[in-house]
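Residue numbers (my numbering): 116 to 185.
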């Protein structure tokens, strides 16, 4: 079993497409080698989903392609 990443000092950020509210977006932690931790901005002390960097990049690419963003 893999050990959970240590995220207490992670730098979390919201999407630039968020409307700026505190309770309406997911957040992703930057600077975590090889992984992309994601959490709900409404429950910051709740669970964290951890994606591999390659899977996260593919997800973002597909969203950009579907929405016409580049």
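Positions of the beta carbon are idealized from the N, C-alpha and C atoms, including for glycine.
Asked: For residue 155 versus residue 128, is the C-beta spacing smaller than 8 Å?; Found: no
Asked: Measuring alpha carbon to alpha carbon, tell me which of 183, 167, 173, 141 ends up nearest residue 147.; Found: 167
Asked: For residue 127, which beta-bridge partners are listed by DSSP?; Found: 144
Asked: Does residue 154 come out as helix, strand or coil in the three-state DSSP assignment?; Found: strand
Asked: Residue 124 to residue 176, Cα distance in whole Å?; Found: 27 Å
Asked: Name the two residues that bound the continuous alpha helix (DSSP H) containing residue 175.; Found: 168-182
Asked: Nearest-angstrom Cα distance between residue 165 and residue 126?; Found: 15 Å
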